[in-house]
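Heads up, the sequence shown is in my numbering, so the first residue is -12 and it goes up one at a time. Glycine residues also receive a C-beta, built at the ideal position from the N, C-alpha and C atoms. Here the structure is a predicted model, which is why all the values come from computation and not from measurement. See below for the structure under consideration.
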Amino acid sequence: SFSKRRKHPVTGRIKAHLGTDYAAPTGTPILSTANGTVTEARYKRNNGNYVKVRHNSTYSTQYLHMSKIKSGIRPGVYVKQGEVIGYVGSTGLATGPHVCYRFWKNGRQVDPYKQKLPPSKPVKKENLEAYTILKDSMMNVIQSIASNF
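In structure tokens, the structure reads:
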């Protein structure tokens, strides 16, 4: 989890971990959390395969340790919320398959759980039933993945 000081599981050194880790099986699709433009899609020694998406002038998100970046995802490409950008892996300095989710605000990494984000648009009444069915189905998938860990 997001921490200014933690013991790194690979190196054993105390250092900041400015992301939130989500464990999942290798190959699980990673989705962009919002519409935006890809600014980075490459490999770095510590991050492994990763993608960074700029959503607007304030917010960017970054997804680390991918087993692979989805074909066609490269700097300059526009992605939509929910679009697959890569697949869970353990590349770089990682101990097992997961995605390290990094949240950037005004060029600084911040804890996404402590941010006051702008309100989203509510689901229209005529779409609410279909939304609820889809949401419940996705929650079942998430819970089945989580029960395997």
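Provide the residue span of the beta strand (DSSP E) that contains residue i, from first to last.
i     : result
Val97 : 95 to 97
Ala28 : 23 to 31
Pro16 : 16 to 18
DSSP state of residue i, grouped into three classes?
i      : result
Leu121 : helix
Leu104 : coil
Leu5   : coil
Leaving out the 5 sequence neighbours to the left and right, which residues in its chain are closer than 7 angstroms to residue i when beta-carbon positions are compared?
i     : result
Tyr46 : Trp91, Lys92
Gly6  : Phe(-11), Leu51, Cys87, Tyr88, Arg89
Within its chain, find whatever has a CB closer than 6 angstroms to the CB of residue i; leave out the 5 residues flanking it on each side and keep chain order.
i     : result
Ala81 : His52
Thr78 : Gly35, Asn36, His52
Label residue i either buried or exposed according to how many other C-beta atoms from any shown protein chain fall within 10 Å of its C-beta, with 16 as the threshold for buried.
i      : result
Ser19  : buried
Tyr74  : buried
Gln130 : exposed
Just to confirm my understanding: we take residue i, look at its own chain, exclude 5 residues before and 5 after, and list those with CB closer than 8 angstroms. What are they?
i    : result
Asp8 : Ser(-12), His85, Val86, Cys87, Tyr88
Secondary structure, alpha helix (DSSP H): runs of 4+ residues fully inside the segment 37 to 91: none
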